[in-house]
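**Student:**
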Amino acid sequence: MNDKNTGIGTRLSHGGISPQDHYGFVNPPVYRGSTVLFENTAALQERSARYLYGRRGTPTTDALINLITDLEGGENTILTSCGLSAITTAILALVKSGDHILMTDSVYRPSRHFCETVLSRLGVDTQYYDPLIGAGIADLIKDNTRIVFLETPGSQTFEMQDIPAMISAIKAHANSDRIFTMADNTWATGLFFRPLDFGVDISVQACTKYVVGHSDAMLGAATANARTWTQLHASFDAFGVCPGTEETFLGTRGMRTLEVRLRRHMASALEVATWLENCPEIAQVLCPALENAPGHDIWKRDFTGASGLFSVLLNPVSEKAVAAMLDGLEYFGLGYSWGGFESLVIPFDPSGYRTATHWDPAGPGLRFHIGLEDPSDLIQDLAKGFTRLNAV
Ligand SMILES: *Cc1c(COP(=O)(O)O)cnc(C)c1O
């Protein structure tokens, strides 16, 4: 099914399916397995069987691996227990003590926490860079630089990175043989952006978000190109961060509807974001798919769609007023994560932990995830929220 001439909807519907192996049933069953039995001693000792042990993979994980590898356009994929473990397993696949890594300052905060705790204890030095640095990334490369980590758009603040400019600058550098690039592709999924097509070595996704899509499981994936696959797989094998079988099945189920869900998330998010743009309470909408938003040109050039997650900056207003708005919302839950069918909102403020850039807007920030509700209901909910905000 990994045929580039076939449409993505077709590939997501037919990939990872092998009814002949499962008595004709459409879906691969959930193999709950640790032990795999071998026919005889010789077979056990040869280790040539397709499956050896549950941790190392089952037909259930293979189905999702095939789908994600196709979606991201890679050599192969590892599945892990969550998005964060996909990121940490991928980073640890490539670094050793004494190395230096370059991390975007807009990175998902738990990724940052990993660098500041585990990596620093192992003697790996993390340097944060301005997400908008572009080709200037080359000036930060040192002799011991091993990884350049990208995330676009940035977590919470939605900076769009110029990946083509960054990759060509890295590839032109004298040390390029020793440098690997990695992108957190959770926002776009391989559906709307394929980092490997742009020369990135590893694309990581928190499948917890859009792949699973229903806020009911934790799952991660990292897809490597041929250059990095052996190392990525060896790291997965060494750490034992395998996903649960049920979670893997939910990931495969989510992939079947990924395209229709994401197109609806995108359309509704654009509708809500456009409405917000015209609200007097809003200073700026940070949604790269909007024409007036920062990074729109890069988004338009490199991405084929947008998901349901974006932020806004409010005009200066008290915390109490923001709480009055958020606490009374009917359809927007207050909670972390995103990518499910339901709308969410959180206040955010990265000003305390950014180091390479300053985040200092005049008013508070809110991050929205637009779910699959009717956008008109969401807009009404927000309008009532602004009435409460203004009443404080
Ligand atoms: C949620 C998220 C992760 C981590 O995924 P988990 O499955 O929660 O561990 C990583 N990167 C980004 C951008 C995320 O939003």
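Residue 317 in the numbering used here is what sits at position 114 of the sequence shown, and the numbering runs on without skipping anything. The C-beta atom is built at its ideal place from N, Cα and C for all residues, glycine as well.
(1) Measuring only the C-alpha atoms, how far is V548 from L465?
(2) Is the beta carbon of A427 closer than 8 Å to that of D404?
(3) In whole angstroms, what separates the C-alpha of A386 from that of A293?
(4) Quick check: what's the CA-CA separation for M225 versus D580?
(5) Tell me whether S579 sits in a helix, a strand or coil according to DSSP, three-state version.
(6) So the candidates are N495, L394, C318; which of them puts its Cα closest to the Cα of M469?
(7) From this set, L267, D380, R250, T590, which residue's C-alpha is nearest S221's C-alpha?
(8) Quick one, which of G339, V414, Q364, D302 has its alpha-carbon nearest T451's?
(9) How close, in whole Å, do the beta carbons of T448 and V233 come, if the pair is a contact with beta carbons under 8 Å?
(10) Within the segment 301–375, note down every full alpha helix (DSSP H) run reaching 4 residues or more, in order along the chain.
(11) Are there any heavy atoms of ligand 1 lying less than 7 Å away from the beta-carbon of A409, as far as the coordinates show?
(12) Measure from the alpha carbon of T352 to the alpha carbon of each residue in F383, M458, G566, R570, then state which is nearest.
(13) Of the choices K345, T460, T291, whose alpha-carbon is the least far from that of D601?
(14) I'd like to know whether the C-beta atoms of A429 and Q408 end up nearer to each other than 8 Å.
(15) Along the beta strand (DSSP E) that carries R466, what are the first and last residues, could you check?
(16) Compute the distance between the beta-carbons of F439 and I290, then report whether it is under 8 Å.
(17) Please determine, among Q583, F589, I373, the residue with the shortest C-alpha to C-alpha distance to V520.
(18) Since N547 sits in a beta bridge, which residues does DSSP pair it with?
(19) In three-state terms, what does DSSP make of S288?
(20) So, under 8 Å CB-CB, L422 and G454 are touching, yes? Tell me the CB distance rounded to an integer number of Å.
(21) What are the partner residues of A424, as DSSP defines its beta bridges?
(22) Between V239 and the rest of its own chain, which residues show a CB-CB distance below 8 Å, the 5 nearest in sequence each way excluded?
(23) Note down the Cα distance separating S309 from G210, rounded to an integer number of angstroms.
(24) State yes or no: is the C-beta of A341 within less than 8 Å of the C-beta of H376?
(25) L529 and I485 - do their beta-carbons sit closer together than 8 Å?
(26) Between M363 and ligand 1, is there a pair consisting of the residue's CB and a ligand heavy atom that are separated by less than 7 Å?
(27) Please tell me whether A391 and F506 are closer than 8 Å, where the distance is taken between their beta carbons.
(28) My understanding is that G443 touches H417, with C-beta atoms under 8 Å, so please give their C-beta distance in whole angstroms.
(29) Quick check on the burial criterion: 16 or more other C-beta atoms within 10 angstroms. Buried or exposed for N495?
(30) Let me know the secondary structure DSSP gives T384 once reduced to three states.
(31) Go ahead and label R250 buried or exposed: buried means 16 or more other beta carbons lie within 10 angstroms of its beta carbon, across all protein chains shown.
(32) Return the residue from the list G542, T272, S288, R235 that minimises the CA-CA distance to P262.
(33) Which word fits K374, buried or exposed, when buried means at least 16 other C-beta atoms lie within 10 angstroms of its C-beta?
(34) Is any heavy atom in ligand 1 found nearer than 7 Å to the beta carbon of C285?
(35) Whole-angstrom Cβ separation of Y331 and M363, contact assumed at under 8 Å?
(36) If I follow the unbroken alpha helix (DSSP H) through L267, where does it start and stop?
**Tutor:** The short version:
(1) 18 Å
(2) yes
(3) 10 Å
(4) Here the sequence assigns His to residue 225, which means Met is not the residue at that position. Taking the straight line from one Cα to the other gives about 43 Å.
(5) helix
(6) L394
(7) L267
(8) V414
(9) Right, the Cβ-Cβ distance comes to about 5 Å (below 8 Å), so this counts as a contact.
(10) 312–317, 366–375
(11) yes
(12) Per the sequence shown, the amino acid found at residue 352 is Phe instead of Thr. Distance check between F352 and each of F383, M458, G566, R570 places F383 closest, using alpha-carbon atoms only.
(13) The chain is shown only over 204 to 595; residue 601 falls outside these bounds and no answer can be derived.
(14) For the pair A429 and Q408, the CB atoms are not nearer than the 8 Å cut-off.
(15) Where R466 is concerned, there is no enclosing beta strand (DSSP E), although the alpha helix (DSSP H) it sits in stretches over 461–480.
(16) Taking 8 Å as the cut-off, the Cβ atoms of F439 and I290 do not count as close.
(17) Sorting Q583, F589, I373 by C-alpha distance to the C-alpha of V520 places F589 at the top.
(18) Note that residue 547 is Leu in the sequence shown here, rather than Asn. Bridge partners of L547: G536, H572.
(19) helix
(20) About 5 Å; that satisfies the 8 Å criterion.
(21) L282, Q408
(22) A252, Y254, L255, Y256, G257
(23) 33 Å
(24) Judged by their CB atoms, A341 and H376 are nearer to each other than the 8 Å cut-off.
(25) At least 8 Å separates the beta-carbon of I485 from that of L529.
(26) no
(27) Yes, these two residues count as a Cβ contact at 8 Å.
(28) G443 to H417, Cβ: 27 Å. No contact.
(29) By the neighbour-count rule (16 or more Cβ atoms within 10 Å), N495 is not buried but exposed.
(30) In the structure shown, T384 sits in a strand (DSSP, three-state: E or B).
(31) exposed
(32) R235
(33) exposed
(34) yes
(35) Not confirmed; about 17 Å, so no contact.
(36) Per DSSP, L267 is one residue of the alpha helix (DSSP H) stretching across 262–275.
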